[in-house]
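Numbering-wise (my numbering), the sequence shown opens with residue 112 and increments by one.
For every residue, glycine included, the Cβ atom is placed at its ideal position computed from N, Cα and C.
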Amino acid sequence: MRYLVEAFALTALRRGRSIEQFLGAAGTPEVPGIQWAELRPTAGGFVLVLHVAQDIGGENSYDLVEFPSFEQEDGEEDFGRQIAVVDDPLAAMTFAEERLGAGRDRWVNQGMAGDEYRDYVRAGRPSLPPSE
Numbered sequence: 112m113r114y115l116v117e118a119f120a121l122t123a124l125r126r127g128r129s130i131e132q133f134l135g136a137a138g139t140p141e142v143p144g145i146q147w148a149e150l151r152p153t154a155g156g157f158v159l160v161l162h163v164a165q166d167i168g169g170e171n172s173y174d175l176v177e178f179p180s181f182e183q184e185d186g187e188e189d190f191g192r193q194i195a196v197v198d199d200p201l202a203a204m205t206f207a208e209e210r211l212g213a214g215r216d217r218w219v220n221q222g223m224a225g226d227e228y229r230d231y232v233r234a235g236r237p238s239l240p241p242s243e
């Protein structure tokens with residue numbers, strides 16, 4: 112079972128563990144990218160982070176944190192863009208749904224969003240935004 116049921120996702124967050132969710136395509140057909148959300152527990156609350164990276168992986172290369180960022184031009188490591196800090200883990204999940212289109216039933220443990228990316232690659236990288 113890859114996905115965390117809501118109770119397990121909330122427990123992970125309350126125990127100080129991040130959870131993440133692959134969100135799919137980003138960028139353009141000429142410069143394809145991917146995005147994923149992370150909920151990160153901190154002393155100040157639960158931080159919603161959006162990561163956007165160049166889609167350079169494949170079926171055998173799916174460690175998302177190794178992909179170059181769309182946002183960093185100098186090769187600097189990307190730690191994502193903070194979207195919000197929320198006091199309650201359930202409210203953080205709800206905010207991710209409303210703001211980023213995350214699905215309540217698609218959260219995975221930290222480091223597992225790469226498996227979702229691999230499935231996305233195997234499916235032919237669907238839903239790439241149209242060229243402008």
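Check, Outcome
"To the nearest angstrom, how far is the alpha carbon of R128 from that of F119?", "11 angstroms"
"Is the distance from the Cβ of L134 to the Cβ of P200 below 8 angstroms?", "no"
"Let's test the definition: count the other Cβ atoms within 10 Å of the Cβ of G144 and tell me whether it reaches 16, buried, or not, exposed.", "buried"
"For E170, which residues of its own chain have a beta-carbon under 8 angstroms away from its beta-carbon, when the five flanking residues on both sides are left out?", "R229, V232, R233"
"Are there 16 or more other CB atoms within 10 angstroms of the CB of S242, so buried, or fewer, so exposed?", "Reliability fails at S242, whose pLDDT of 46 lies under 50, so the model's placement of it is uncertain and the value that follows must be treated cautiously. Counting Cβ neighbours within 10 Å, S242 comes out exposed, since fewer than 16 surround it."
"Under the criterion of a Cβ to heavy atom distance below 7 angstroms, does A202 qualify as lining the ligand GDP?", "For the structure depicted, the ligand GDP is absent and the ligand set is empty, with no information on it obtainable."
"Using a threshold of 8 angstroms, state whether the C-beta atoms of H162 and E149 are closer than that.", "yes"
"What does the Cβ neighbour count give for D166, buried or exposed, with the cut at 16 atoms within 10 Å?", "buried"
"Return the CA-CA distance between S172 and E141, expressed in angstroms with no decimal places.", "20 angstroms"
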